[in-house]
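Residue numbers for the sequence shown follow my numbering, beginning at 491 and rising by one. Where a beta carbon is used, it is the ideal one built from N, C-alpha and C, also for glycine. I have placed the structure first, in the form of structure tokens, so that the comments after it can refer back to it.
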Amino acid sequence: APFQQNRRKYEKAFSQDLHTLLLVVESDSPELTKSAAKRLLRLIKADKDHFNSAYIPNDNEFFRQNGLLYLDTDELQTLSTNLSLAQPFIGRIAQQPNLTGFFSIFEDALTSTDKTQVVPIDLTSLINKVTSALHKTLNSENALLSWESLISDKKMHERNSFIIASPKFDYSQIRPAENAIESIRKAVDEVQDPNLPTVKVWITGEAGLEDDELSGMSTGTFTASIFSIVLVLFILLVAYRSVLLTVATLITLAWGMLFCGAFAAFSVKELNLISVAFAVSNIGLGVEYAIHFCLRYRDNLTHHIHKGLALRDTLISTAPSLLLCAGTTSIGLYAFIPTDYKGVSELGLLAGTSLFICLLITLIALPALLRVIPAPAKFLAITEENPNGLAKLSQKLATYPLHYAKPIAIATFVIAVVSIVLTFNVKTDFNPINLRDPNTESVIAFKNLMKDKETTPMTLTVLAKDESSAKALEQKLSALASVDKTVSLFDFQPTGQGEKLALIEEMGLMLGAQMQNFPALQTDPDPVPGINRLIKTIDTILPEKTDTERTALTNFKKELQDILIELDARQQPSRRMFIEHIQTTLLGTLPNVMNELSASFNAKEVTLADLPADIKDRWLSKNGSYRIQIFPKKDLNDLKSLEEFITEVQSVAPETTDLPVMYWESMKEVVSAFQQAIVIALVTIALLLFAIRRNIADTALVMTPLMLAGLFTMASAVLTNTPINFANIIALPLLLGLGVDNGIHMVEKLHHSLSEKQNIYQSSTARAMFYGALTTASSFAGLAFSPHQGIASMGLIITIGIFWIMVCTFIILPALSKLVLRVNNHG
């Protein structure tokens, strides 16, 4: 498909960030986040066993020197104003870099008439921040006052650091990225400082999402599978009332899975998220064939003294109808092969062929098994003369569809009309993220990134062949209503550099020599006199303050008094460590911020030629393609916003690619492939049935429950608010197979049993259909409780679908047959 070709073209041009882990580092302060990210990056880079490479996108010598040029002029002006206000404060701390120097500034600020000239931000706000940090520290919590945030007022997304790591995948494991991710978790533990606030590292990105998905599918599905296996065993035991027949069925099913797996390995080599569903189809239909055979064999044992005769009779009586079922169903599944979508096409090939493999195993291996194992000592035939509780109930129920044929037909028509209306409201969910467990770390982090327009991974990418077309294209794209902004290599050449460089030079001169080499903090030998002076100052000025200021100062004073109590109670060296801890909390980040700021005052005019190679490589490919990244204005979780964003951008640049296009186009392709395949399947099945039975009424009767069950299932998906997605759409071929099989068996049976006196539900065929559907439903009902949203929705849709197949086969079909076949017979 064109969208796949565009993606491959982009991946070939810019392959460095494919299949990577994205680490989102966050903490209470940007300084701590940055230092933790640098330490984490160093550990990852040193781990050559698990990583190819790693980098922090915006952290290198170039950005440290020229970072201020990338601020808007207004932002730079605000920073300059803040620094001019902070200049006296910075000067004082530079002269006396300890607690006494820090508290003396507050003393001056509270008594000065021109308060704004002493502290870098609003005094009350600063006092509240200092009070909060002190309160946490005094209560054994770790805190860190962020001077970077105080001076530059950073937005939330700027407080995160991002590391992009390229892991080495170990494909001998179920989770190829597991070792790399475990290595990151160990490194995260190493970078934690027990005396500082905790740093949180979220692991997401393509490789992180895939690893969490594989992990969740393994653990969540394991529990569901155990539940399903127990339920299936119970149903088989109820159906057969024989442990030996149950074991024989399970062995046959296991052999079938083994041979089908071998065929898959031979024919398609590897499975994808859609083609893997052939196993689902195998279990459902494989069990049904075995149940048909075993129940007929069980009934035959009551009529034949010899086991061999019973087996021969079973084989002769079941093989033709099972072959017809497998033939019609496989044709329906083979109809998926011509579709363009590879996963759907492979699913058709594997599921269709697997039916014949399962059938051959049932007709060859199962009789051989039953021949070898001893026949259960005593079989009790359930007949009209010898009914058990279930048989009595089925006898009663069997009369209703035939007795109330007309009302059932009318009710079915009404429900079908309502379902058609509901089916127009079926939703499709294009986003694979919504299929994953929403409580996993990678999904939470991914969704958090999506909330911020600056960090959303749901951006579009366009490649331009040369500089002039890239600039022209970027201009057109920026003007679109759904586009927030575009980024390309040319955006790395700052605008208004003359004005910005003048402002930066002015800041450097204003802060002077004190900034060139900001001193390290010195341990305060005795901060008590300074704290006492500050408390005295607060007491003096408190009466003349406003309510807000009075509250802030009272809280501040209480924390200062608590420091004095703590200092008084401690002996050396504990006292000195406590002073250092308080000093780190309040001033720990300041020297680093000042030194970084000082380095950024050395900014020089930047041209595209000055950009480091690693930045250029991410925006200009080796073959000369320019990459333009396009950010959306609206939230792309909304389907309409997504469609509008993609459509608008594609109207200007048809070759647009990236995640939103991949998700959107893939879903459209899958839905279109399934629609096309199902139409082909239904037409082909109908023609084949007509060719075999030479009877329009029979063909219509077999197809009716199939169509109705599909319709009711789609209506139920609307009512349960379950959108059709990549996972649950694969329920359709299984339901198609079960629906056709059941329709053929029931119509065959109804030709001989249209009298209300006969129990249509008690034949081995009807019981096999019932228990077969029940075991299939049980196999998948457990999946509805999986934490993986895609698997859960598949379990739910299959269970709902099988319920409707049962209703259509056992209630609606007999009622319609009574009306149709009676008319035909009279005719």
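Item: I'd like the ranges of any alpha helix (DSSP H) spanning at least 4 consecutive residues and lying wholly in the segment 726–757.; Value: 733–757
Item: If distances are taken between C-alpha atoms only, which option among 861, 910, 1210, 723 comes closest to residue 802?; Value: 861
Item: Go through its chain and collect everything with a Cβ distance to residue 808's Cβ below 7 Å, but skip five positions before and after it.; Value: 782, 783, 786
Item: Compare the Cα-Cα distances from residue 642 to each of 701, 575, 677, 1307 and report the closest residue.; Value: 575
Item: Would you mind listing the alpha helix (DSSP H) stretches within the segment 1125–1181 that are 4+ residues and don't spill past its ends, in chain order?; Value: 1129–1142
Item: Three-state secondary structure (DSSP) at residue 1018?; Value: helix
Item: Could you pull out every residue in the same chain whose Cβ sits closer than 7 Å to the Cβ of residue 1001, ignoring the five residues on either side in sequence?; Value: 573, 577, 580
Item: By Cβ distance, which residues of its chain are closer than 8 Å to residue 1068, with the 5 residues on each side in sequence left out?; Value: 1056, 1057, 1060
Item: Would you tell me roughly how many angstroms separate the C-alpha atoms of residue 1053 and residue 683, rounded to the nearest one?; Value: 23 Å
Item: Can you tell which of 695, 1309, 1262 has its C-alpha closest to the C-alpha of residue 728?; Value: 1262
Item: Within the same chain, show all residues whose beta-carbon is closer than 7 Å to that of residue 1207, passing over the 5 residues directly before and after it, in chain order.; Value: 916, 1214, 1287
Item: What is the rounded straight-line gap between the Cα of residue 863 and the Cα of residue 751?; Value: 26 Å
Item: Would you kindly report the start and end of the unbroken alpha helix (DSSP H) that includes residue 1202?; Value: 1186–1209
Item: Is it right to say residue 872 is buried, meaning 16 or more other beta carbons lie within 10 angstroms of its own, or is it exposed?; Value: Legend: pLDDT at residue 872 = 45, less than 50; position of this residue unreliable, value from coordinates given subsequently. By the 10 Å Cβ count, residue 872 comes out buried.
Item: Within 8 Å, do at least three Cβ pairs link the segment 1035–1047 to the segment 584–593?; Value: no
Item: Taking Cβ to Cβ, would you say residue 1305 is nearer than 8 Å to residue 899?; Value: yes
Item: For my contact list, residue 1231 and residue 815 are in at a C-beta cut-off of 8 Å; report their separation, rounded to the angstrom.; Value: 4 Å
Item: According to the Cβ coordinates, are residue 1270 and residue 1280 closer than 8 Å?; Value: no
Item: Does the beta-carbon of residue 1310 have 16 or more other beta-carbons within 10 angstroms, so that it is buried, or is it exposed?; Value: buried
Item: Count the other CB atoms within 10 Å of the CB of residue 1177; is the residue buried (16 or more) or exposed (fewer)?; Value: exposed
Item: Since residue 471 and residue 673 should fall inside the 8 Å C-beta cutoff, what is the C-beta to C-beta distance between them, to a whole number of angstroms?; Value: Residue 471 falls outside the range modelled here, since the chain spans only 491 to 1317, and no answer is possible.
Item: Is residue 1216 helix, strand or coil when you go by DSSP?; Value: coil
Item: Contact check, residue 1086 vs residue 554 under 8 Å by CB: the rounded distance?; Value: 7 Å
Item: At the level of alpha carbons, what is the spacing between residue 732 and residue 792?; Value: 14 Å
Item: Could you tell me if residue 964 is buried or exposed, where buried requires 16 or more neighbouring beta carbons within 10 angstroms of its beta carbon?; Value: buried
Item: Excluding five sequence neighbours on each side, which residues of the same chain lie with their C-beta closer than 7 Å to the C-beta of residue 1070?; Value: 1013
Item: State the start and end residues of the unbroken beta strand (DSSP E) segment that holds residue 1118.; Value: 1116–1122
Item: With three or more C-beta pairs closer than 8 Å as the rule, is the segment 1107–1126 touching the segment 662–669?; Value: no
Item: Please confirm whether residue 1190 and residue 825 have their CB atoms less than 8 Å apart.; Value: no
Item: Tell me which same chain residues have a C-beta within less than 7 Å of the C-beta of residue 930, skipping the five on either side of it?; Value: 702, 706
Item: Would you grab the beta carbon distance between residue 1185 and residue 1283 for me? Rounded to a whole angstrom, and I think it's under 8 Å.; Value: That belief does not hold up - the Cβ atoms of residue 1185 and residue 1283 are roughly 39 Å apart, past 8 Å.
Item: For residue 967, which option in 497, 1142, 942, 624 has the closest C-alpha, if you only look at C-alpha atoms?; Value: 1142
Item: When we look at the beta-carbon of residue 1362 and count the other beta-carbons within 10 Å, is it buried (16 or more) or exposed?; Value: The question about residue 1362 has no answer, for the chain in this structure spans 491 to 1317.
Item: Residue range of the alpha helix (DSSP H) that residue 837 falls in?; Value: 832–850
Item: Residue 1291 and residue 1203 look like a contact to me (Cβ under 8 Å); what is the Cβ gap, rounded to whole Å?; Value: 4 Å
Item: Using a Cβ-Cβ cut-off of 6 Å (strictly less than) and excluding sequence neighbours within five positions of residue 920, which residues of its own chain qualify?; Value: 1153, 1154, 1157
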